[in-house]
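All residue numbers for the sequence shown refer to UniProt numbering, where the first residue is 1 and numbers rise by one. These notes concern the structure reproduced below.
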Amino acid sequence: MAKSDAIDPASRRWTRISWLGAIVIGTVALFAFAYDLPSEPSFVDEWAYLSQTYYADLWIARDTNRAEWLEYPAYDLPPLPKYLFGLSLRAGGYQRPGRAAAMKWYEDTRSQSGTTDSLMIARWPTVFIGMLGCLAVYGLGTLAFDRRVGALAALFLIVNPLYRLHARRAMSDVIAESLILLTACAFLWAWRRLLDGRFGPTAWLMAGLAGLAGGLAPLAKLNGALAMIIVSAWALLALALPRIARTRKLAVVVAALIAGVMSLAIFIAGNPFLTAHPQGAMGPELEAKARMSLGQRMRYLVDHRVGISRGQMQLFKHNALPTAFDKLGTVCVQGFGRFGPFGPHESNSRIRYDPKQDWGAVLWLPLVALGAVLFAGRGRAQSQAGVAPTAWAILLQAGIALLVVTAYLPLAWDRYYLSLQPGSAVLAAGAIVAVADRVFRRQTGAEGS
1 MAKSDAIDPA
11 SRRWTRISWL
21 GAIVIGTVAL
31 FAFAYDLPSE
41 PSFVDEWAYL
51 SQTYYADLWI
61 ARDTNRAEWL
71 EYPAYDLPPL
81 PKYLFGLSLR
91 AGGYQRPGRA
101 AAMKWYEDTR
111 SQSGTTDSLM
121 IARWPTVFIG
131 MLGCLAVYGL
141 GTLAFDRRVG
151 ALAALFLIVN
161 PLYRLHARRA
171 MSDVIAESLI
181 LLTACAFLWA
191 WRRLLDGRFG
201 PTAWLMAGLA
211 GLAGGLAPLA
221 KLNGALAMII
231 VSAWALLALA
241 LPRIARTRKL
251 AVVVAALIAG
261 VMSLAIFIAG
271 NPFLTAHPQG
281 AMGPELEAKA
291 RMSLGQRMRY
301 LVDHRVGISR
311 GQMQLFKHNA
321 LPTAFDKLGT
331 VCVQGFGRFG
341 PFGPHESNSR
351 IRYDPKQDWG
361 AVLWLPLVAL
371 GAVLFAGRGR
381 AQSQAGVAPT
391 AWAILLQAGI
401 ALLVVTAYLP
411 LAWDRYYLSL
421 QPGSAVLAAG
431 AIVAVADRVF
441 RRQTGAEGS
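What follows is the structure, encoded as structure tokens:
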């Protein structure tokens, strides 16, 4: 048996026998998210997205220089979900609401531009993409450990009440998170192959796929930029690894650059707010935006989102997290308790700390911490054997998500904790499988003696 097989058996089994597991995981996830979908109550933001699905018609028609692309709805909500929901409505034969409906929603967020049936049709893209996110977690767990960890981690994500809730809503959160996970899965595949000295076309194809998903992620929601942050961090990790040839490290850097350039190009091409130059008479506000450069418009998007978050902190003071202590406390208690896999199906955000909602942190947080320790040790064993330490890559991914969420967290709202769940699921699954293996070996040894 080759040294790499002994350290990382999943590396040789991934393409040979794990596709059956992927089919099973995908089927289970699809059933879990789609089951009794009409029973899921509508959420106010879903109607905001539906009211703006006319952007899908403009995009399909390649009518990307209209003044509508510079109006408030165009940059307030990200474009990709509007495209997907609009395409779903078109496929179902439903009329897309027009510009007036979008403006009406901002005047009165209780307005609903559609029917219950049209909302159900619009939810299906989120269901399918949420399923892809679970498949990506299955892949990440398999690449870092083995198929058992991948399957268990995917199961944790499927049963996670927070992930399941947003996988059943016509909103952007699970779409962005799933694309982040798909970026990570594709690039980790390329990362491992390149560090193991396999420079064939598969590695570069996966780097390209990572760039595709990494560009779509921020089109779904700006926090999708986390995808390329992870890719960049893995490139830096590759450069810091001992016992790895320089050519292999440089190959990883080149792959990261390919993914980065492609993601940026897709992000720009997919959002006409960044490139539209309408002709004809416009109001002063639209004319000012039309004169902005690409860089200024990108900065405008970020400033707008930061401003919205600050405004929400003033408007929803009972949920605001103004200090570092507030952020860290809610991440530990709510992020790993209320919104972990043991959390309630319905949560009350007005209660900051609540044992009835947050008790799961007592079990989940130590399990995730144990997984982090075990992944650190497994990564060390991989590195010492001279193979790609995929366990360290997963640990770094989970750490980056934790750091970014904790640093940014403006409000104690469920959606902000979503990025904590996939990495935690993989680490906890690794802990459970490792402990089970140790117990089994002890029992087997005792019986043998």
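Note that the Cβ used here is the ideal one computed from N, Cα and C, for glycine as well.
Candidates the options: closest to residue i by CA position
i	options	result
residue 351	320, 342, 422, 275	320
residue 59	85, 76, 35	85
residue 396	237, 177, 254, 52	237
residue 432	126, 146, 102	146
residue 225	419, 436, 376	419
residue 232	387, 315, 214	214
residue 186	37, 64, 204	204
residue 179	195, 196, 211	211
residue 407	322, 253, 36	322
residue 333	305, 363, 317, 345	363
residue 368	327, 360, 428	428
residue 387	139, 143, 89	143
residue 302	39, 149, 390, 221	221
residue 468	275, 441, 283, 391	Given a span of 1 to 449 for the chain in the structure shown, any question on residue 468 remains unanswerable.
residue 524	28, 53, 72, 380	This structure cannot settle anything about residue 524, because the visible part of the chain is limited to 1 through 449.
residue 409	49, 383, 329, 342	329
residue 378	72, 141, 256	141
residue 182	151, 197, 132	132
residue 348	116, 318, 370	318
residue 100	108, 283, 358	108
residue 280	67, 28, 416	67
For residue j and residue i, believed in contact at Cβ under 8 Å, the rounded distance
i	j	result
residue 160	residue 219	Not a contact, Cβ separation roughly 24 Å.
residue 300	residue 292	7 Å
residue 136	residue 426	11 Å between Cβ atoms; not a contact.
residue 389	residue 264	Rounded, the Cβ-Cβ distance is 28 Å, inconsistent with contact.
residue 164	residue 33	6 Å
residue 134	residue 25	6 Å
residue 423	residue 398	3 Å
residue 119	residue 172	Wrong, their Cβ atoms sit about 15 Å apart, outside the cutoff.
Reduced DSSP category for residue i - H, G, I as helix; E, B as strand; rest coil
i	result
residue 320	strand
residue 140	helix
residue 411	strand
residue 241	coil
residue 312	helix
residue 62	coil
residue 13	In this prediction, residue 13 scores a pLDDT of 47, lower than 50, which makes its location untrustworthy; no coordinate-derived value is stated.
residue 215	helix
residue 258	helix
residue 443	helix
residue 95	coil
residue 351	coil
residue 223	helix
residue 425	helix
residue 31	helix
residue 246	helix
residue 231	helix
residue 387	coil
residue 397	helix
residue 403	helix
residue 68	helix
residue 38	helix
residue 304	helix
residue 116	helix
residue 419	coil
residue 110	coil
residue 336	helix
residue 342	coil
residue 330	helix
residue 279	coil
residue 433	helix
residue 208	helix
beta-carbon residue i near the ligand HEM non-hydrogen atom, thresh 7 Å
i	result
residue 373	Among the components modelled here there is no ligand, and therefore nothing to report on the ligand HEM.
Residue i - containing alpha helix (DSSP H), residue span
i	result
residue 357	355 to 358
residue 45	44 to 51
residue 376	361 to 384
residue 89	79 to 91
residue 105	99 to 107
residue 286	284 to 290
residue 74	72 to 76
As an exercise, report each continuous alpha helix (DSSP H) stretch of at least 4 residues that is fully enclosed by the segment 119 to 204, in chain order. 147 to 159, 161 to 166, 173 to 195
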